[in-house]
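Peer 1: First the structure, then my questions, so here it is.
In my numbering, the protein residues as written are 372 to 792.
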């Protein structure tokens, strides 16, 4: 399997287990006491993963962090011994990601994403369920204390302070604003002002929270006619009596009617504080400055290319057969050059944690790959499953040319690597 994992050193295949159906949510249980997570450990390899602590029991994480947890437990890099009602974590060191996500040695993990952790097979099912849900809960026992840790899988790669803060605020606001069956939306009264601020700052994303087409527009709020998002936000701030009738019209002119109901203590006050800290306080939003998707990445220094690799252009390379065999021969060194995450939609494999390498140490960067690339096919073979990835790996090792198709910042890129004697 290590050789399959190395595929992306030149090829990019999937080392994940096959998808399994997500398991239903865990049954409702009595509230449990929240306590502060363990203190952060010194910097380690796991610190390259993006993990954000929101409250004592809530984290926002990259999908790659979930993959790391799975690798640590399923590969026994961290022991989780079966015990009555779950599995108990063994010792944790600073090279593991689990401490950064609030776990401590001795914690008994009971459920993950609603799946009881009673066996190794249940771990596989739980991780697939967590990835599918996007927002998942881990129930655990720490001594005499029952705990619930919640994790939101999000893209946390830094762009600009303004954009990141706004996205974070609206993401967390989803805990305080929930669409209910029918035409009902419940909101924590303490989050009304934040909802109004979000509506002005990013109307489309906020309308999605309400379960409405992001292109919809307001007609009235609480029977008060409105002509703009600013009017709607101001009317929302002044609507003290619930339920508040919201009237909108979709992009196809279809009328939309919602009832906004108050539900006190819907969300942890610490989450409300984090929401307010992220969203703008003023009514007029500041123009966003998203990262330019066409901004060039710092190129690899040609002098640092692996011996035997030649860059013909930014997307075309040659590699000697001998250099190719050397690059694929050292499984341990090569697998440490990058990490991979299967795409949620089954389009391929996303790359991250890629190192630069050197003349005597191969890196996927030497043949044009970059962190964040979504590799979709190799020599015309899609990477939709582990079987397809293994087939692509076997075929490409013997080919005279390797063609890698990928998506980079929503742009299709084709890399061509010609193998020469």
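C-beta: ideal position from N, C-alpha, C; glycine also.
Measuring CB to CB, does residue 545 end up less than 8 Å from residue 580?
Peer 2: In this structure, residue 580 lies closer than 8 Å to residue 545 by Cβ.
Peer 1: Let me confirm a value: residue 558 is counted as buried when at least 16 other C-beta atoms fall within 10 Å, else exposed. Which label applies?
Peer 2: Its Cβ being crowded by 16 or more others within 10 Å, residue 558 is buried.
Peer 1: Distance check for residue 752 and residue 772, CA to CA, integer angstroms please.
Peer 2: The straight-line gap from Cα to Cα measures roughly 14 Å.
Peer 1: Could you have a look at residue 407 and say whether DSSP puts it in helix, strand or coil?
Peer 2: Model confidence at residue 407 stands at a pLDDT of 39, short of 50, so the residue's coordinates are unreliable; what they give is reported in the following sentence. Looking at residue 407 - three-state DSSP - the assignment turns out to be coil, as it is neither helix nor strand.
Peer 1: Can you check which of these residues, 479, 450, 457, 455, is closest to residue 467 by C-alpha distance?
Peer 2: The option with the nearest alpha carbon to residue 467 is 450.
Peer 1: CB residue 618 to CB residue 591, shorter than 8 Å?
Peer 2: Yes, the Cβ-Cβ distance between residue 618 and residue 591 is below 8 Å.
Peer 1: Would you mind working out which of 638, 692, 736, 522 sits nearest residue 686, comparing C-alpha positions?
Peer 2: Looking at the Cα atoms, 736 is the closest of the given residues.
Peer 1: Measure the C-alpha to C-alpha separation of residue 551 and residue 469 and round it to an integer number of angstroms.
Peer 2: Straight-line Cα distance between these residues: approximately 34 Å.
Peer 1: Quick check on DSSP: helix, strand or coil for residue 733?
Peer 2: DSSP places residue 733 in coil when its eight states are reduced to three.
Peer 1: Skipping 5 residues on each side, what residues in its chain have a beta carbon closer than 6 Å to that of residue 789?
Peer 2: 689, 772.
Peer 1: Between the Cα of residue 768 and those of 692, 741, 599, spot the shortest distance and give me the residue it belongs to.
Peer 2: Nearest C-alpha to residue 768: 692.
Peer 1: What's the gap between the Cα of residue 785 and the Cα of residue 776?
Peer 2: Rounded to whole angstroms, residue 785 to residue 776 spans 5 Å at the Cα level.
Peer 1: Leaving out five residues before and five after residue 422 in sequence, what residues of the same chain have Cβ atoms less than 7 Å from its Cβ?
Peer 2: Around residue 422: 430, 432, 436, 471, 472.
Peer 1: Can you list the alpha helix (DSSP H) stretches of 4 or more residues lying completely in the region 458-528, in chain order?
Peer 2: List check, alpha helix (DSSP H) in window: 491-504.
Peer 1: Which residue or residues does DSSP assign as beta-bridge partners of residue 338?
Peer 2: In the structure as shown, the chain begins at 372 and stops at 792. Residue 338 is therefore absent and cannot be evaluated.
Peer 1: According to the Cβ coordinates, are residue 646 and residue 543 closer than 8 Å?
Peer 2: Closer than 8 Å, so yes.
Peer 1: Look at the alpha carbon of residue 488 and the alpha carbon of residue 572, and state the distance between them as a whole number of angstroms.
Peer 2: Cα to Cα, residue 488 sits roughly 42 Å from residue 572.
Peer 1: List, from N- to C-terminal side, the alpha helix (DSSP H) runs of 4 residues or more that fit wholly inside the region 562-597.
Peer 2: DSSP runs (the alpha helix (DSSP H)) wholly in the region 562-597: 563-572, 574-580.
Peer 1: By DSSP's criteria, residue 550 is part of a beta bridge. Which residues make up the other side?
Peer 2: Answer is 556, bridged to residue 550.
Peer 1: First and last residue of the beta strand (DSSP E) that includes residue 453?
Peer 2: Residues 451-454.
Peer 1: May I have the straight-line CA-CA distance separating residue 829 from residue 734, to the nearest angstrom?
Peer 2: Summary: the structure shown does not reach residue 829, with the chain confined to residues 372 through 792, and so no result is reported for it.
Peer 1: Can you tell which of 638, 603, 491, 523 has its C-alpha closest to the C-alpha of residue 446?
Peer 2: If we check each option's Cα against that of residue 446, 491 comes out closest.
Peer 1: Output needed for residue 405: all residues of its chain with C-beta closer than 6 Å, excluding positions within five of it in sequence on either side, in chain order.
Peer 2: Only weak support is given to the placement of residue 405: the predicted model assigns it a pLDDT of 35, under 50, and the value that follows is read from those uncertain coordinates. Result list for residue 405: 427, 428, in chain order.
Peer 1: According to DSSP, is residue 703 helix, strand or coil?
Peer 2: Residue placement at residue 703 cannot be trusted, given a pLDDT of 46 that sits under 50; the coordinates are not used to answer.
Peer 1: With a threshold of 6 Å on Cβ separation, who are the neighbours of residue 649 within its own chain once the five nearest residues in sequence on each side are excluded?
Peer 2: Counting only Cβ-Cβ distances below 6 Å, and skipping sequence neighbours, we find 536, 539, 540.
Peer 1: Leaving out five residues on either side along the sequence, give the residues of the same chain with a beta carbon under 8 Å from the beta carbon of residue 663.
Peer 2: Residue placement at residue 663 cannot be trusted, given a pLDDT of 44 that sits under 50; what the coordinates show is reported in the next sentence. Here the set comprises nothing.
Peer 1: Whole angstroms are fine: how far does the CA of residue 452 sit from the CA of residue 340?
Peer 2: Nothing in the structure corresponds to residue 340, since the chain is present only between 372 and 792.
Peer 1: Output the distance between the C-alpha atoms of residue 455 and residue 717, rounded to the nearest integer angstrom.
Peer 2: If I take the Cα positions, the gap works out to 36 Å.
Peer 1: For residue 505, tell me which candidate among 511, 497, 512 has the shortest Cα-Cα distance.
Peer 2: Nearest C-alpha to residue 505: 497.
Peer 1: Based on Cα-Cα distance, which residue from 502, 513, 741 lies nearest to residue 523?
Peer 2: Checking every option, the nearest Cα to that of residue 523 belongs to 502.
Peer 1: Could you compute how far the alpha carbon of residue 444 sits from the alpha carbon of residue 779?
Peer 2: The straight-line gap from Cα to Cα measures roughly 31 Å.
Peer 1: Using the Cα positions of residue 599 and residue 556, report the straight-line distance between them to the nearest angstrom.
Peer 2: Spanning the two alpha carbons is a distance of roughly 21 Å.
Peer 1: Which whole-angstrom value describes the C-beta separation of residue 750 and residue 774, a residue pair presumed to lie in contact below a C-beta threshold of 8 Å?
Peer 2: Residue 750 to residue 774, Cβ: 5 Å. Contact.
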